[in-house]
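The structure appears right after this line, and notes come after that.
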């Protein structure tokens, strides 16, 4: 996310059916919205596969999946990976931190 909060605009994203207000730089909004769609798609997949679980369980499984991918990517980045992946992971990390 942009360093200067004044350069960020407020938007609302919906994850797992709940709105979350967030401030985002204009240049990052499209990528963030794509990431939110990806999160919701994965969440919906968990809801379909695990019908006996409630929303919170499916949301936690989604979060754990992304956290695991983030850890693996960081490990690979330590071994020397490309900058585009690092940037995407940083955006994902910012999104997760903003939701906590």
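Numbering (this note's numbering), first residue to last: 244 to 343.
Positions of the beta carbon are idealized from the N, C-alpha and C atoms, including for glycine.
Keep in mind it's a predicted model, so treat the numbers as computed, not measured.
So for residue i, helix, strand or coil by DSSP?
i, result
"residue 274", "helix"
"residue 296", "coil"
"residue 268", "strand"
"residue 315", "helix"
Tell me the rounded alpha-carbon separation between residue i and residue j.
i, j, result
"residue 270", "residue 255", "16 Å"
"residue 245", "residue 339", "With a pLDDT of 44 at residue 245, under the threshold of 50, the predicted position of this residue should be treated as unreliable, though the coordinate-derived value follows. If I take the Cα positions, the gap works out to 15 Å."
"residue 265", "residue 301", "22 Å"
"residue 253", "residue 262", "12 Å"
"residue 329", "residue 337", "12 Å"
"residue 283", "residue 259", "6 Å"
"residue 250", "residue 295", "43 Å"
"residue 335", "residue 312", "10 Å"
"residue 327", "residue 285", "22 Å"
Among the options, whose alpha-carbon lies nearest the alpha-carbon of residue i?
i, options, result
"residue 267", "259, 276, 281, 293", "276"
Looking at the secondary structure, which residues open and close the beta strand (DSSP E) in which residue i lies?
i, result
"residue 255", "251 to 258"
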